[in-house]
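In the working numbering, the protein residues as written are 23 to 312.
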């Protein structure tokens, strides 16, 4: 109980320190800090909307790309692949999760960004340029590149946990499905439906990783404080602005504003996890009622 309570105490202490140190910014800007897109250290005008936008959009892009791929990988490893193949590929996927984020950042700079600039983004612009999301100059660095990097980083997490959840489903349920005349794909669909709460938990863990990721995003998102509709444009995230500017912050208001951005980032992750807990509780409650 002591060690369990000590974890809660440390979290509360972190919140307290950030709340106290962000006092100058909170007192000057109030709630307007969240809804303002101004970020001018020289004039001491600060707002977090730009960074909240960059964090949310890049994380949603990553989730949209990674979730179907991760579920497909998990289904293949747990339901289709043989034991040797499944174990080997599963081991390689878990290794991807252990690669430091800065390595992904280097790969993004020297491989992904040039490819995005020279091939992929011009392709999207030629065929989907009528959509505002794919308009503008293909810089290579930007929101879309950051989203793809994040998708690669969270895919091992979601797929590994989803695979474990699918494997935890009793074999008797699969045998019952086959006995009732189900095809293999129908049995897999049944397994996915039974594992939806676990898949939801895996998705939230991946989203939490995407929201809080710093170095890889900092190296490829472009680091420009702006809100643009186009996914080709450079942007900024909450984690990357803290990493870029905290060491060079000159004034107390600048430091306080960065700490408040960190406090908002903490609040966003807390809300995401609380919502996920609520959804998992709802799914579990319905399953218990049945």
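Built from N, CA and C at the ideal position, the CB exists for glycine as well.
For residue i, the three-state DSSP class (helix, strand or coil)
i	result
residue 257	strand
residue 56	helix
residue 252	coil
residue 235	coil
residue 14	Look at the range of the chain in this structure, 23 to 312, and you will see that residue 14 is not part of it.
residue 86	helix
One or two residues paired with residue i in a DSSP bridge
i	result
residue 268	Its beta-bridge partners do not exist; DSSP assigns none.
residue 61	68
residue 244	257
First through last residue of the alpha helix (DSSP H) which encompasses residue i
i	result
residue 216	206-216
residue 44	Element bounds for residue 44: n/a, residue is neither H nor E.
residue 180	165-189
residue 152	Per DSSP, residue 152 belongs to no alpha helix (DSSP H) and is neither H nor E.
residue 194	193-201
message = Pairs of beta-carbons, one from the region 64-73 and one from the region 142-151, closer than 8 Å: are there three or more?
response = By the Cβ rule, the region 64-73 does not count as touching the region 142-151, because fewer than three pairs are nearer than 8 Å.
- With a floor of 4 residues, list each alpha helix (DSSP H) that falls wholly inside the region 110-137, ordered by position along the chain. If only complete runs of 4 or more residues are kept, the region 110-137 shows the alpha helix (DSSP H) at 123-129, in order along the chain.
query: Between the region 233-250 and the region 123-138, do at least 3 Cβ pairs fall closer than 8 Å?
result: Touching, yes, given that three or more Cβ pairs across the two stretches are closer than 8 Å.
- Item | the region 68-84 in contact with the region 274-287 per 3-pair CB rule at 8 Å | They touch, by the three-pair rule.
message = Tell me whether the region 158-166 and the region 137-144 touch, counting them as touching only if at least three CB pairs, one residue from each stretch, are closer than 8 Å.
response = The region 158-166 is in contact with the region 137-144.
Between the region 45-62 and the region 257-276, do three or more beta carbon pairs fall short of 8 Å?
At 8 Å Cβ cutoff, the stretches touch.
Fill in: Inter-stretch contact at 8 Å, needing at least 3 Cβ pairs: the region 218-226 / the region 106-120
Taking 8 Å as the limit for Cβ pairs, the verdict is that the region 106-120 does not touch the region 218-226.
message = Count Cβ pairs between the region 190-206 and the region 164-178 that sit closer than 8 Å; are there 3 or more?
response = No, because fewer than three Cβ pairs between the region 190-206 and the region 164-178 fall closer than 8 Å, the two stretches do not touch.
Take every Cβ of the region 180-187, pair it with every Cβ of the region 91-104, and state whether three or more of those distances are shorter than 8 Å. Flag = yes, the region 180-187 and the region 91-104 touch.
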